[in-house]
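**Q**
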Amino acid sequence: MERIIKYGGKLFFGSLVICILSFFYFKLIPCTKISNLIGYIFLEAFLGYNFYIGYKYKLSIKESLIVGILGCGFGIFLLFFATYTYYILNDIYWSNWMVEFYFLPTMSFINDFFKDMTLIYTVSLIILNILLVFLGSRIRCCKEKFNLIKQNKQKNNLFTYRDFL
Numbered sequence: 001m002e003r004i005i006k007y008g009g010k011l012f013f014g015s016l017v018i019c020i021l022s023f024f025y026f027k028l029i030p031c032t033k034i035s036n037l038i039g040y041i042f043l044e045a046f047l048g049y050n051f052y053i054g055y056k057y058k059l060s061i062k063e064s065l066i067v068g069i070l071g072c073g074f075g076i077f078l079l080f081f082a083t084y085t086y087y088i089l090n091d092i093y094w095s096n097w098m099v100e101f102y103f104l105p106t107m108s109f110i111n112d113f114f115k116d117m118t119l120i121y122t123v124s125l126i127i128l129n130i131l132l133v134f135l136g137s138r139i140r141c142c143k144e145k146f147n148l149i150k151q152n153k154q155k156n157n158l159f160t161y162r163d164f165l
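Residue numbers for the sequence shown, in this note's numbering: 1 to 165.
Structure, rendered in structure tokens:
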């Protein structure tokens with residue numbers, strides 16, 4: 001359990017730092033095509049960091065999903081209040097404004113492919129981040145199993161080669 005909280009905390013605060021940096025970038029720099037292209041760096045960092053945390057630490061399936069959920073805790077927290085604002089208060093503008101801080105690292109992608117924002121984008125981003133942690137963890141496990149099989153084949157080949165000497 002300590003490992004899960006430790007790695008989930010790293011993912012949470014790393015994602016928070018990327019969100020803060022992208023907030024300053026997208027709010028202070030005027031939106032042009034060049035600044036939008038440079039903004040894709042934040043998208044790669046935001047999504048890549050989720051994959052990296054899953055890949056770096058050896059996590060089981062359950063641990064990787066929990067670490068992904070903890071890493072997206074800020075987005076889930078904001079989504080809770082945005083959902084309340086959207087459905088109870090019937091205010092679409094403020095609900096999108098509340099979750100904007102969480103999806104600011106993906107603002108270049110949003111500017112290129114979306115015309116209007118809904119809460120579904122935030123939900124899909126949270127699910128994508130959780131799946132990236134899970135995917136990174138599974139790829140590491142597959143890589144370790146492949147390397148173990150490869151090492152065993154090499155050892156077996158050495159033994160057969162020595163037999164002929």
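Ideal placement from N, C-alpha and C gives every residue a C-beta, glycine not left out.
For residue 35, which residues in the same chain have their Cβ closer than 7 angstroms to its Cβ, ignoring the five residues on either side in sequence?
**A** 29
**Q** For the alpha helix (DSSP H) holding residue 86, just list the boundary residues, first then last.
**A** 73–87
**Q** Tell me, to the nearest whole angstrom, how far the beta carbon of residue 55 is from that of residue 139; I am working on the premise that it is less than 8 angstroms.
**A** For residue 55 against residue 139, the beta-carbon gap comes to about 6 angstroms, under 8 angstroms, which counts as contact.
**Q** Mapping the DSSP letters down to three states, classify residue 58 as helix, strand or coil.
**A** coil
**Q** Using 8 angstroms as the Cβ pair cut-off and three pairs as the minimum, do the region 64–78 and the region 129–145 touch?
**A** yes
**Q** Under 8 angstroms, with one C-beta from each stretch per pair, do the region 39–52 and the region 97–106 reach the 3-pair mark?
**A** With a cut-off of 8 angstroms, the region 97–106 and the region 39–52 count as touching, because enough Cβ pairs lie within range.
**Q** Counting C-beta neighbours from all protein chains within 10 Å, is the total for residue 95 16 or more, i.e. buried, or is it exposed?
**A** buried
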